[in-house]
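Novice: For reference, the structure I am asking about is given below.
Residue numbers (this note's numbering): 3 to 128.
So, in structure tokens, the structure goes:
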């Protein structure tokens, strides 16, 4: 069973990496081209770099908030699983893994937040 699982994970990773590596090159789309027709749309109002960077920052803040909520819920679930395990080594390990992976996910999300904020403040002119 473990061998089949390993093979499926390897195939999924190969297909995912191959799909990204062989994807056709995308060209940029001018989203502000339609601003002559509908100048009141949120995209047209954020045509300047400052408003666009604040839009990106707002979206990232919302995503980080959602990820934080999910991580806290998963930590609580891991704690409940740890408490209910009654010393069963398999269940204790699964509960600890849940807590560890939740904390790792939260740390990765915070690092991504820092990187995005650094890029937005450093490379988008004001």
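The beta carbon of each residue, even a glycine, is placed where N, CA and C say it ideally should be.
1) Please determine, among 68, 72, 70 and 99, the residue with the shortest C-alpha to C-alpha distance to residue 83.
2) Going by the CB atoms, is the gap between residue 80 and residue 106 shorter than 8 Å?
3) Enumerated in chain order, which unbroken segments of the alpha helix (DSSP H) with a length of 4 residues or greater are wholly contained in the stretch 43 to 124?
4) Rounded to a whole number of angstroms, what is the C-alpha to C-alpha distance between residue 115 and residue 58?
5) Roughly how many angstroms separate the alpha carbons of residue 73 and residue 89, rounded to a whole number?
Specialist: Result, derived from the coordinates:
1) The shortest C-alpha separation from residue 83 is found at 99.
2) When the beta-carbon positions are compared, residue 106 and residue 80 stay at least 8 Å from each other.
3) Fully enclosed alpha helix (DSSP H) runs of 4 or longer: 44 to 47 and 51 to 86.
4) Spanning the alpha carbons of residue 115 and residue 58 requires a straight line of approximately 11 Å.
5) Straight across, the Cα-Cα distance linking residue 73 with residue 89 is about 24 Å.
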